[in-house]
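Encoded as structure tokens, the structure appears first; notes follow it.
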């Protein structure tokens, strides 16, 4: 866990704290330039350990979703200490950034558009384990052409890209729309030069965030039954379908125990955000009992009136698509609004003064991480490591 | 308007299109790696010309708000072709990035926290025209200490930082809370070693987005009257108060015609977003009649069912704090939802196929720009320039 100050976005050989990086290793937290992403390393490590144990108990593989944190350092820790078999991400450019930084097994758990991107994916498959999803024969044709072209260019006849069928199991986003369509697509992949049919992607994003355990269970039971039916139909058509992958932090215990899923794609478990903390199990706990290990550290820049403070973390430092961030550790304080560069805080007990730091728990960690260039890892009040957000901005 | 491929975030001497940059100069738009920020250069230039003419007609200086675009290239065009006297921004790190890239006159139109940041600001004042706001004597003391310390270190006794009083004129965010407080703070600045009292900042952010012209007028009349009263009281206390700065794209015509404001801080006028397009003048037009010159270019990655398409621009490519993006130029199509890496589109006329590009008008341009590393400037269907988002992620 050492600082990596030489990753490719900082050309300067000596990054300048406060300009290029938010802190130096060894600094007390009070010296971190805010707003900054803070990782409580003790809580983060406990989260990795908890998920490793739970995936093992469920008997499923963990494929950690790196779209959440976009960090090669964190991905590698998830694959070592955290027991993950590999990672997934959503974009070819993310996969490129992670592979360049040494992550060897990546599933692009999404569809991709265009010949140029397919070619980039084929090149990635030359260098590491890569898989991608498809939900339409047009994508399969594009991927196949890209791999066969690379075979011809490089003379490597063995080059093969793993392609999974993505089915719509309830999310109404991407995914095949019927069992018959899934079977036909699996056959198309199986018959396409350069491609290998590698299983079923069945991810129900919306179900992750159904707070009520009974409602979530109902939604997932339908989804899991449809997934099992699709898998069985593909097998009945004569294809192996050994890998069924999906699930996330809010639902992994249910899909993981179903006997249908072989792999779970949780991401937020490592950090936890305010929205996942609202999701409840039948026992009244949060799924997996993960801790908040991730904060946006803000500073008070103005105390304009009694009971009010203004922080320096706005929309460009913390995502609000899943609600306002939650002020942590300041009794009575709450975020009441966020604009581009400011967050308004109510502070009825008058605890906040000019320059004071406040930890904010983001409503949604994924788009919050993508706003920053660095994670500041802290333990015992000091900065222990700086990790680049390796794939920050890699959205294409 | 040439590509600047060597700015400090790309260490590679030959940035790779699709990985480091979204396109090459000369490419047809169809080859741009999506999602990407697109500037329609013709419309953008017309917006600059329109604002130059309107500010001149109002008899006020234009200080373009660079927090919107965070681009040194665009800031410089606003100061040359666009007639701006300088720019403003919200963060010391933004000012550093813009000054490093050659922008010579910058107002940090915000309060700042802490001694470290004050020292950085003092260093910036050594190298160019810099001003900052304050709303509390504590900030004034911190700024004064920083400048006097720099004077001692460098032997440059003339080093002076311009500080404006920020008053709350209705926004309930930062700003002094009464005329008496403003006067006292102006005197404190005037008496602080190393600082020069440089005028009044009076910005009413919320008023920019009041769609109804009569309601907006009422809100601004109150705000302008309070601003005039504050200015007059500062003058009555024996201080010059020649600069009154504020206003934005939704309201500049009103503050600009008030006789109170000397400088307007519009930013979004250069690009226009979907939310500003909802603001109406009494004549039923939008303030300033600016055109949409700015888009997030997305591609269709999935056509999962009749009348539906899924694009590759999600929350990490387009901000949704001011509503969903608006699909542009595809008859009948509309964005119905946005998740981390996807946007769902309804497409009742079935116009969208796999790989097709769609232009999206973001609800809010500022936080959208901050998500990307590059602007792709297009004219006549081809990429004419690539501009780095110079201060992308400079939130501290």
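Protein chains in written order, with this note's numbering: chain Z, 1 to 396; chain L, 1 to 396.
Glycine included, C-beta positions come from ideal geometry on N, C-alpha and C.
Range of the contiguous alpha helix (DSSP H) that encloses residue i
{"i": "residue 399 of chain Z", "result": "The shown model of chain Z, from 1 to 396, leaves out residue 399 of chain Z, and the question about it has no answer."}
{"i": "residue 99 of chain Z", "result": "92-100"}
{"i": "residue 258 of chain L", "result": "First-last for residue 258 of chain L: undefined, no H or E at that position."}
{"i": "residue 81 of chain L", "result": "Where residue 81 of chain L is concerned, there is no enclosing alpha helix (DSSP H), given that its DSSP letter is neither H nor E."}
{"i": "residue 355 of chain L", "result": "Here residue 355 of chain L belongs to no alpha helix (DSSP H), and DSSP marks it neither H nor E."}
{"i": "residue 106 of chain L", "result": "It is not in any alpha helix (DSSP H) - residue 106 of chain L instead sits in the beta strand (DSSP E) that spans 105-108."}
{"i": "residue 147 of chain L", "result": "137-154"}
Supposed contact pair residue j and residue i - C-beta distance, whole angstroms, cut 8 Å
{"i": "residue 296 of chain Z", "j": "residue 390 of chain Z", "result": "That belief does not hold up - the Cβ atoms of residue 296 of chain Z and residue 390 of chain Z are roughly 19 Å apart, past 8 Å."}
{"i": "residue 176 of chain L", "j": "residue 135 of chain L", "result": "5 Å"}
{"i": "residue 195 of chain L", "j": "residue 144 of chain L", "result": "5 Å"}
{"i": "residue 234 of chain Z", "j": "residue 186 of chain Z", "result": "5 Å"}
{"i": "residue 302 of chain Z", "j": "residue 174 of chain L", "result": "4 Å"}
{"i": "residue 383 of chain L", "j": "residue 20 of chain L", "result": "Actually they are not in contact, since the Cβ atoms of residue 383 of chain L and residue 20 of chain L sit about 15 Å apart, beyond 8 Å."}
{"i": "residue 338 of chain Z", "j": "residue 314 of chain Z", "result": "6 Å"}
{"i": "residue 39 of chain Z", "j": "residue 214 of chain Z", "result": "Not confirmed; about 34 Å, so no contact."}
{"i": "residue 396 of chain L", "j": "residue 34 of chain Z", "result": "6 Å"}
{"i": "residue 398 of chain L", "j": "residue 320 of chain Z", "result": "Nothing about residue 398 of chain L can be reported from this structure: the residues present for chain L run from 1 to 396 only."}
{"i": "residue 263 of chain L", "j": "residue 61 of chain L", "result": "4 Å"}
Whether residue i touches residue j by CB criterion (9 Å)
{"i": "residue 203 of chain Z", "j": "residue 109 of chain Z", "result": "yes"}
{"i": "residue 362 of chain Z", "j": "residue 310 of chain Z", "result": "no"}
{"i": "residue 131 of chain Z", "j": "residue 164 of chain Z", "result": "yes"}
{"i": "residue 402 of chain Z", "j": "residue 267 of chain Z", "result": "It is not possible to answer for residue 402 of chain Z, since the shown part of chain Z is limited to 1 through 396."}
{"i": "residue 253 of chain Z", "j": "residue 54 of chain Z", "result": "yes"}
{"i": "residue 248 of chain L", "j": "residue 265 of chain L", "result": "yes"}
{"i": "residue 351 of chain Z", "j": "residue 298 of chain Z", "result": "no"}
{"i": "residue 331 of chain Z", "j": "residue 349 of chain Z", "result": "yes"}
{"i": "residue 220 of chain L", "j": "residue 251 of chain L", "result": "yes"}
{"i": "residue 276 of chain Z", "j": "residue 372 of chain Z", "result": "no"}
{"i": "residue 49 of chain L", "j": "residue 81 of chain L", "result": "yes"}
{"i": "residue 149 of chain Z", "j": "residue 31 of chain L", "result": "no"}
{"i": "residue 340 of chain L", "j": "residue 316 of chain L", "result": "yes"}
{"i": "residue 112 of chain L", "j": "residue 87 of chain L", "result": "no"}
{"i": "residue 25 of chain L", "j": "residue 385 of chain L", "result": "yes"}
{"i": "residue 270 of chain Z", "j": "residue 58 of chain Z", "result": "no"}
{"i": "residue 394 of chain L", "j": "residue 94 of chain L", "result": "yes"}
{"i": "residue 274 of chain L", "j": "residue 323 of chain L", "result": "yes"}
{"i": "residue 374 of chain Z", "j": "residue 146 of chain Z", "result": "no"}
Boundaries of the beta strand (DSSP E) in which residue i is found, first to last residue
{"i": "residue 370 of chain L", "result": "It is not in any beta strand (DSSP E) - residue 370 of chain L carries neither H nor E in the DSSP assignment."}
{"i": "residue 326 of chain Z", "result": "326-328"}
{"i": "residue 318 of chain L", "result": "First-last for residue 318 of chain L: undefined, no H or E at that position."}
{"i": "residue 347 of chain Z", "result": "Here residue 347 of chain Z belongs to no beta strand (DSSP E), and DSSP marks it neither H nor E."}
{"i": "residue 40 of chain Z", "result": "36-40"}
{"i": "residue 397 of chain L", "result": "Residue coverage of chain L in this structure runs from 1 to 396, which leaves residue 397 of chain L outside it and unanswerable."}
{"i": "residue 288 of chain Z", "result": "Careful: residue 288 of chain Z lies outside any beta strand (DSSP E) and carries neither H nor E."}
{"i": "residue 337 of chain L", "result": "334-338"}
DSSP beta-bridge partners of residue i
{"i": "residue 379 of chain Z", "result": "Z/382"}
{"i": "residue 302 of chain L", "result": "L/310"}
{"i": "residue 176 of chain Z", "result": "Z/167"}
{"i": "residue 200 of chain L", "result": "L/165, L/244"}
{"i": "residue 65 of chain L", "result": "L/88"}
{"i": "residue 224 of chain Z", "result": "Residue 224 of chain Z pairs with nothing; no bridge assigned."}
{"i": "residue 263 of chain L", "result": "L/61, L/245"}
message: What are the residues in the region 164-180 of chain L lying within 8 Å of chain Z by C-beta distance?
response: Residues 168, 172, 173, 174, 175, 176, 177.
query: Closer than 7 Å, Cβ to any Cβ of chain L: which residues of the region 51-68 of chain Z, in chain order?
result: Within the region 51-68 of chain Z, the residues whose Cβ lies closer than 7 Å to some Cβ of chain L are 67, listed in chain order.
field: Against chain Z: residues of the region 320-345 of chain L by CB proximity under 7 Å
entry: Within the region 320-345 of chain L, contact with chain Z at the beta-carbon level (separation under 7 Å) is assigned to 320, 321, 339, 340, 341, 342, 344.
field: Cβ-based contacts, 7 Å cut-off: residues of the region 297-316 of chain L near chain Z
entry: Result list: 299, 300, 301, 302, 303, 304, 305, 310, 312, 315, 316.
message: Using a Cβ-Cβ cutoff of 8 Å, what residues of the region 368-387 of chain L are near chain Z? List them in chain order.
response: For the region 368-387 of chain L, the set of residues with a beta-carbon nearer than 8 Å to any beta-carbon of chain Z comprises 370, 371, 372, 373, in chain order.
Interfacial residues, the region 350-368 of chain Z to chain L, with Cβ spacing under 7 Å: Under the 7 Å Cβ criterion, the region 350-368 of chain Z contributes 354, 355, 366, 367.
message: For the region 70-95 of chain Z, list every residue whose C-beta sits within 7 Å of some C-beta in chain L, in sequence order.
response: Correct list: 90, 91, 93.
field: Chain-ordered residues of the region 124-136 of chain L with a beta carbon less than 7 Å from chain Z
entry: Hits within the stretch, in order: 135, 136.
field: Proximal residues, the region 109-124 of chain Z versus chain L, C-beta separation under 8 Å
entry: Cβ contacts with chain L: 110, 111, 112, 113, 114, 116, 117, 120.
query: What residues in the region 248-281 of chain L have a beta carbon less than 8 Å from any beta carbon of chain Z?
result: For chain Z, none of the residues of the region 248-281 of chain L brings a beta carbon within less than 8 Å of one of its beta carbons.
- request: Please list the residues of the region 22-49 of chain L that have a C-beta atom closer than 8 Å to any C-beta atom in chain Z, keeping them in chain order.
  value: Shown in chain order are the members of the region 22-49 of chain L whose Cβ falls below 8 Å from a Cβ of chain Z: 22, 31, 33, 34, 35, 36.
Near-chain Z residues of the region 201-217 of chain L (beta-carbon distance less than 7 Å), N- to C-terminal order: Result list: 205.
message: If the cut-off is 9 Å on Cβ atoms, which residues from the region 139-161 of chain Z count as contacting chain L, listed in chain order?
response: Answer in chain order: 139, 142.
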